[in-house]
Amino acid sequence: MTAICTSILDLFKIGPGPSSSHTIGPMKAGRDFLDFVRELPPSKRSTVTSVKVHLYGSLSATGDGHGTDKAVAAGLLGYAPETVPQDFMENLFESPADEQLLPLQDVRVPLRPDDIIFDEVSHSFPYNNTLIIKAHAQDGVVAERTYYSQGGGFISYEGEPEPELGDPAYPYSNMHELKDILREKDMRLHEVILANEAAVHGRSTEQTFAHVDHIMDVMIDAVERGLRTEGVLPGCIGLQRKAPELLRRSGLARHEQDRFLMLLNAYAMGVAEENAAGHKVVTAPTSGSCGVIPSVVYAMLNLLDIGRQSVREGFLAAAAVGFLVKHNASIAGAEVGCQGEIGTASSMAAAMLSYAHGYRFQVTENAAEIALEHHLGLTCDPVGGYVQIPCIERNAMGVVKAYNAYLMATLGNPSAQVIDLDKTIWVMNQTGRDMNAKYKETSLGGLAVRMPRC
Ligand code: SF4
């Protein structure tokens, strides 16, 4: 199997909610297609009269509630996830007659709401979340790309050339190989991640830690915004935000243990509520599961007195788990259900807690394994197609399970753990592939049909 070459920056992307596969990925696809059209020969580009986007699979089934149409339009209009103004998408396509112009200097190409087409839910493309973007001229299509949104904001397009990357300093494709490296080279887990980040992506240790700091700062900002923002979330469910109330109640808790749990919940739900509102979050590893890791980061810095450098190193251990799941299974709810989103986030958070507390790789692996094992089979059935029910509370459950997995992993002889992380990732992937499509971000089963609010 090929070695893992994913970067920290690829896994943890900054962008608007509510969904990495349905918002950030399509926006990146739209932006890529704009650049593709800009690079056409002028004689060809000048013939373009319209651009049409076809959404397939769960992008079609739940793209309306996830804001996929506005996200891909924002990309076509020149915006990128990290820099798009918060209110831009809120105000885009307010009416069916709304018309925007693609930022092309030599040709006038309008973009209207009905240029984004919610196409077939069932299809035969290799990835569930597929979108095809076409530039039309009077006499036919002059440019076309088929994009796959693979979860976590990762996109690729059909026929895309392989990126030019360096070779990893320490190649591994699964946890077993990674542990062999750690033992044979007598290295620590975060050192391997840093060395590969340098070899594959040309980033020094200082640059990687600066990126980690920036990502953690965006996470912390999202926690604090979520804790102070009251009100009702967008969409037809009319769901009330809960994080500020949880924070207030935590101050009245009768037991210190209750207070700690309430704060973990408040941090995770605050970020998930910000995501549901379409505000800036970090994919960790996805937008739907973006509250779990920030809750752990915030708790370690503010409640558990863990130093910033230990948190940074724990962050790299979390990244290693995310890389392993993405490489050997999937982090997309549309591919494997919510076990790939909240399950992976909880597994990463459990690894982070263990490593930042000073435990070495075996306890770290065991914590990640326990957290993932107890999310196996978790389905994805967002009510109304919104990333709200069950997603917001699921982030809180994911962080509490992560903490419990960390505690359990620190008991007894860590080498006596019966199930290893590779096996659980394999089972998660297989379970996801066997899962009925109704439970993979289509809103066609589960809670979404028992309580159809919209
Ligand atoms: S149920 Fe889970 S996988 Fe599905 S949208 Fe919500 S957070 Fe994502």
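Numbered per the UniProt record's numbering, the sequence shown finishes at 454, counting up by one with no gaps.
Note that CB positions come from ideal geometry on N, CA and C, so glycine has one too.
Keep in mind that this is a model prediction, so the values were computed, not measured.
{"Check": "Where the alpha helix (DSSP H) through Y403 begins and ends", "Outcome": "391-409"}
{"Check": "The ligand SF4 site residues, beta-carbon cut 6 Å against heavy atoms", "Outcome": "G288, S289, G333, C338, E341, I342, C380, P382, V387, P390, C391, R394, E441"}
{"Check": "C-alpha distance - S46 paired with V107, whole-angstrom precision", "Outcome": "5 Å"}
{"Check": "C-alpha gap between Y439 and L264, whole angstroms", "Outcome": "27 Å"}
{"Check": "Length of the line joining the Cα atoms of K13 and M451", "Outcome": "32 Å"}
{"Check": "Helix, strand or coil at I133 [DSSP, three-state]", "Outcome": "strand"}
{"Check": "Any 3 or more C-beta pairs closer than 8 Å across the stretch 3-13 and the stretch 57-64", "Outcome": "no"}
{"Check": "Enclosing alpha helix (DSSP H) for T344 [first to last residue]", "Outcome": "342-356"}
{"Check": "Cβ pair A169, A198 closer than 9 Å", "Outcome": "yes"}
{"Check": "Rounded C-alpha distance that separates N429 from M435", "Outcome": "10 Å"}
{"Check": "Residues bridged to A143 [DSSP beta-bridge criterion]", "Outcome": "A135"}
{"Check": "Start-to-end residues for the alpha helix (DSSP H) that takes in H22", "Outcome": "Per DSSP, H22 belongs to no alpha helix (DSSP H) and is neither H nor E."}
{"Check": "Stretch pair the stretch 221-239 + the stretch 344-362: three plus CB contacts closer than 8 Å", "Outcome": "no"}
{"Check": "Exposure of Q138, with buried meaning 16 or more beta-carbon neighbours within 10 Å", "Outcome": "exposed"}
{"Check": "Continuous alpha helix (DSSP H) stretch holding F88: start and end", "Outcome": "86-91"}
{"Check": "Residue environment, V141, which counts as buried when at least 16 other CB atoms sit within 10 Å", "Outcome": "exposed"}
{"Check": "Residue of Y172, N404, E441 minimising C-alpha distance to residue 474", "Outcome": "Outside the modelled stretch of the chain, which goes from 1 to 454, sits residue 474, for which no answer is possible."}
{"Check": "Three or more C-beta pairs below 8 Å linking the stretch 366-383 and the stretch 400-412", "Outcome": "yes"}
{"Check": "Reference G152; option with closest CA among L233, P42, E184, G25", "Outcome": "G25"}
{"Check": "Limits of the unbroken alpha helix (DSSP H) element including H176", "Outcome": "175-185"}
{"Check": "Selection from D213, F33, L165, L304 that minimises the alpha carbon distance to A80", "Outcome": "F33"}
{"Check": "V200 classed as buried or exposed, judged by whether at least 16 other C-beta atoms fall within 10 angstroms", "Outcome": "buried"}
{"Check": "Buried/exposed call for G17, threshold 16 Cβ in 10 Å", "Outcome": "buried"}
{"Check": "Where K185 falls, given that 16 or more other Cβ within 10 Å makes a residue buried", "Outcome": "exposed"}
{"Check": "Same chain only: Cβ atoms within 6 Å of D69, ignoring 5 sequence neighbours per side", "Outcome": "I116"}
{"Check": "Under 9 Å between C-beta atoms of H22 and H54", "Outcome": "no"}
{"Check": "Cα-Cα separation, P294 to P126", "Outcome": "32 Å"}
{"Check": "Assigned secondary structure, P103 (DSSP; H/G/I helix, E/B strand, else coil)", "Outcome": "coil"}
{"Check": "Endpoints, beta strand (DSSP E) assigned at K70", "Outcome": "That residue, K70, is in no beta strand (DSSP E); its alpha helix (DSSP H) goes 68-76."}
{"Check": "Reference E365; option with closest CA among L324, A329, S330", "Outcome": "L324"}
{"Check": "Through-space distance from I132 to S124, alpha-carbon basis", "Outcome": "13 Å"}
{"Check": "Cβ pair G226, A243 closer than 9 Å", "Outcome": "yes"}
{"Check": "In DSSP terms, what K52 is bridged to", "Outcome": "K134"}
{"Check": "A276 versus Y386: straight-line alpha-carbon distance, rounded", "Outcome": "8 Å"}
{"Check": "Cβ pair count under 8 Å reaching 3, the stretch 306-313 against the stretch 414-426", "Outcome": "no"}
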